[in-house]
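According to UniProt numbering, the sequence shown is numbered sequentially starting from 1. Where is the CB? At the ideal position from N, CA and C, for every residue including glycine. These numbers come from a predicted model, not from an experiment. This report concerns only the one structure given below.
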Amino acid sequence: MSSPLSLPSTTSAPTVPSTSTSTTSSFPSTSNSATLLAGSEFDAQALPKLVVAHVIVGNTQPYSANDWSSDIALAQAAGIDAFALNYGSLSWEPGQLANAYQAAESHSGFKMFLSADMTSLSGGSQGDAQNLANQVKQFVNHPAQLAYGGKTLLGTFSGEYSTFGQGNIEAGWTMILNLIGSPVAFIPAWFIDPSTFSQYSVLSGALNWNGGWPMGSTDLTFDSDKQWISGLGNKAYMAPVTPNFFTHYGPNTYNKNWIYRSDDSLYATRWESLIHYRNYVAIAEIITWNDYGESHYVGPIKGDESMANAWVDGYDHTPWLTMTKYYAQAFKTGTNPAITNDQVYIYGRPHPKGANACCDSVGRPNNWQNTDDNFYVTVFAKAAAQVVLSTPARGSKPNPASSGPNAQTFNVPAGVSHYKLALQPGNAMRATLQRGSTVVVDVYPTAYFFNPNPQTYNFNAYVAMGSG
1 MSSPLSLPST
11 TSAPTVPSTS
21 TSTTSSFPST
31 SNSATLLAGS
41 EFDAQALPKL
51 VVAHVIVGNT
61 QPYSANDWSS
71 DIALAQAAGI
81 DAFALNYGSL
91 SWEPGQLANA
101 YQAAESHSGF
111 KMFLSADMTS
121 LSGGSQGDAQ
131 NLANQVKQFV
141 NHPAQLAYGG
151 KTLLGTFSGE
161 YSTFGQGNIE
171 AGWTMILNLI
181 GSPVAFIPAW
191 FIDPSTFSQY
201 SVLSGALNWN
211 GGWPMGSTDL
221 TFDSDKQWIS
231 GLGNKAYMAP
241 VTPNFFTHYG
251 PNTYNKNWIY
261 RSDDSLYATR
271 WESLIHYRNY
281 VAIAEIITWN
291 DYGESHYVGP
301 IKGDESMANA
311 WVDGYDHTPW
321 LTMTKYYAQA
331 FKTGTNPAIT
341 NDQVYIYGRP
351 HPKGANACCD
361 SVGRPNNWQN
371 TDDNFYVTVF
381 AKAAAQVVLS
391 TPARGSKPNP
401 ASSGPNAQTF
411 NVPAGVSHYK
421 LALQPGNAMR
431 ATLQRGSTVV
441 VDVYPTAYFF
451 NPNPQTYNFN
461 AYVAMGSG
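What follows is the structure, given as structure tokens:
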């Protein structure tokens with residue numbers, strides 16, 4: 001087992017301010033951070049940083065070549081380098097994998113890699129191993145295949161119980177890599193104790209899938225990441241970054257109904273944490289591009305929504321994709337990009353956490369108590385300003401914004417800062433950036449209100465942005 005790494009204290013990482021103060025996100029220089037263990041198979045400092053996004057191929061059945069091309073263009077504009085193509089056992093998925101790779105060819109520099117979903121694919125026999133290897137081999141020499149350290153990158157979702165008839169997972173996955181017949185960087189998302197990673201020589205690294213959300217009622221820390229980095233030793237750490245989590249399926253479908261706390265500008269502050277510890281992070285994986293069922297999509301709502309229409313339709317998350325560009329560049333270069341125009345991002349849930357939905361047979365989601373009834377704001381300011389947060393009555397637009405209900409004004413420094421304000425049942429949410437008496441950005445999504453009497457439970461996020 002590798003010795004634990006001595007990481008910088010998380011207390012020096014950027015924090016989310018209270019409602020009465022603000023904190024500028026000042027990313028420390030990576031030159032002062034400790035380095036990865038010597039002799040690393042994949043030195044996270046020597047190899048270029050990558051930002052990838054997890055794509056659920058199972059939600060792309062209606063996709064045309066133009067759909068793939070459009071998604072790639074959006075992702076590339078946001079600083080994303082590749083799609084991790086999560087595929088399962090549906091008969092049409094190999095065709096969409098081929099379409100995705102083909103579409104990437106026309107977008108210079110954009111890549112793809114496979115992420116075998118072992119909760120769907122069978123992993124019990126040598127035949128299963130051959131099938132998986134054949135799928136990987138199809139793209140090994142494809143110009144759009146992502147290579148890491150000169151090796152074909154292969155990921156998974158799960159697979160920690162897939163032995164492929166070999167008696168244990170080490171032997172099973174080693175057989176697959178041998179069947180592929182060319183060098184592979186195997187970086188799966190196995191759900192195992194990270195202290196056991198040293199037992200698996202087949203691993204080139206690992207993705208800490210559940211590390212992007214807090215598991216309780218307090219905000220996310222880097223503690224889980226530290227355990228994975230320590231367990232991996234000299235192997236590549238793929239860190240998750242995700243904005244949200246809510247799933248609401250009843251026993252007659254997927255039977256999953258819970259939330260993870262997604263408060264306090266989770267997406268932005270998670271990026272800031274990864275940037276702070278970038279010397280330890282080889283790849284940042286955005287979870288996800290299009291998993292509508294779990295409400296953590298940053299791409300456009302399109303394709304097959306996987307029976308999640310009730311809590312997804314009308315809840316566009318692409319403002320988070322726009323935000324990604326700044327953080328992806330900072331993560332990859334270690335330098336904060338210049339902020340040349342003011343941007344304000346805002347999000348909130350559609351109803352109070354304790355509201356009773358009159359007409360929902362699935363029931364209130366588990367962990368509902370772990371969130372707070374606030375809306376959250378991230379400001380990218382090119383110069384010092386003030387931001388006014390308020391909860392105007394639905395349909396009203398007080399002028400000035402500071403005259404609105406429960407309005408609070410915060411001094412905004414140049415750079416990135418975060419704010420929050422309590423939501424009021426029946427009212428809207430608004431964030432107004434101004435310099436003196438001049439309104440620079442006013443984000444007031446008129447379609448949104450904090451509904452005290454919902455018909456069904458919905459803990460998805462309503463996200464909006466404005467720029468000036």
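heavy atom of the ligand ATP below 7 Å from residue i C-beta
i: Leu114; result: The ligand ATP is not among the ligands present in this structure, which contains no ligands whatsoever.
Enclosing alpha helix (DSSP H) for residue i [first to last residue]
i: Ser115; result: Unbroken run through Ser115 is the beta strand (DSSP E), 111-117; no alpha helix (DSSP H).
i: Pro94; result: 93-105
i: Ala268; result: 266-276
i: His71; result: The residue you asked about is not His; residue 71 is Asp in the sequence shown. First-last of the alpha helix (DSSP H) with Asp71: 65-77.
DSSP state of residue i mapped onto helix, strand, coil
i: Asp313; result: coil
i: Gln166; result: coil
i: Val362; result: coil
i: Phe323; result: Sequence inspection shows Met at residue 323; the Phe mentioned does not correspond to that position. Looking at Met323 - three-state DSSP - the assignment turns out to be helix.
i: Leu132; result: helix
i: Leu207; result: strand
i: Asp373; result: coil
i: Trp228; result: helix
i: Ile346; result: strand
i: Val387; result: strand
i: Leu179; result: helix
i: Thr253; result: coil
i: Gly415; result: strand
i: Asp442; result: strand
i: Val184; result: strand
i: Gln138; result: coil
i: residue 480; result: The shown model of the chain, from 1 to 468, leaves out residue 480, and the question about it has no answer.
i: Ser9; result: Unreliable placement is indicated for Ser9, whose pLDDT of 35 sits below 50; the coordinate value is still reported in the next sentence. Here Ser9 sits in coil by DSSP.
Inter-residue CB distance, residue i and residue j (contact presumed, cutoff 8 Å)
i: Leu274; j: Lys235; result: With 8 Å as the limit, Leu274 and Lys235 do not qualify as a contact, their Cβ atoms being about 18 Å apart.
i: Val242; j: His276; result: Val is not the amino acid found at residue 242; the sequence shown has Thr there. Going by Cβ atoms, the distance from Thr242 to His276 rounds to 17 Å, so no, they are not a contact pair.
i: Pro240; j: Ile287; result: 5 Å
i: Asp291; j: Ile56; result: 5 Å
i: Val52; j: Glu285; result: 5 Å
i: Val463; j: His248; result: In fact, because the Cβ distance is near 18 Å, the residues do not count as touching under 8 Å.
i: His418; j: Thr269; result: 7 Å
Residues sharing a beta bridge with residue i, DSSP
i: Lys151; result: Tyr148
i: Asn427; result: Ala393
i: Leu421; result: Phe375
i: Pro337; result: BP columns for Pro337 are empty, so no partner.
i: residue 492; result: A question about residue 492 goes unanswered here, because the residues of the chain that appear run from 1 up to 468.
Where the beta strand (DSSP E) through residue i begins and ends
i: Thr196; result: That residue, Thr196, is in no beta strand (DSSP E); it is neither H nor E in DSSP.
i: Lys49; result: No beta strand (DSSP E) holds Lys49; DSSP gives it neither H nor E.
i: Lys302; result: No beta strand (DSSP E) holds Lys302; DSSP gives it neither H nor E.
i: Leu85; result: 82-87
i: Gly466; result: 462-467
i: Ile259; result: 256-259
Residue i burial status per 10 Å Cβ neighbour count (16 or more: buried)
i: Arg261; result: buried
i: Ala414; result: exposed
i: Pro14; result: With a pLDDT of only 35 at Pro14, under the threshold of 50, the placement of this residue in the model should not be trusted, and no figure is reported.
i: Gly363; result: exposed
i: Ser40; result: Because the pLDDT at Ser40 is just 44, under 50, the model does not fix this residue reliably, and the value given afterwards should be weighed accordingly. Buried, because 16 or more other Cβ atoms sit within 10 Å of the Cβ of Ser40.
i: Asp313; result: exposed
i: Met215; result: exposed
i: Asn453; result: exposed
i: Phe449; result: buried
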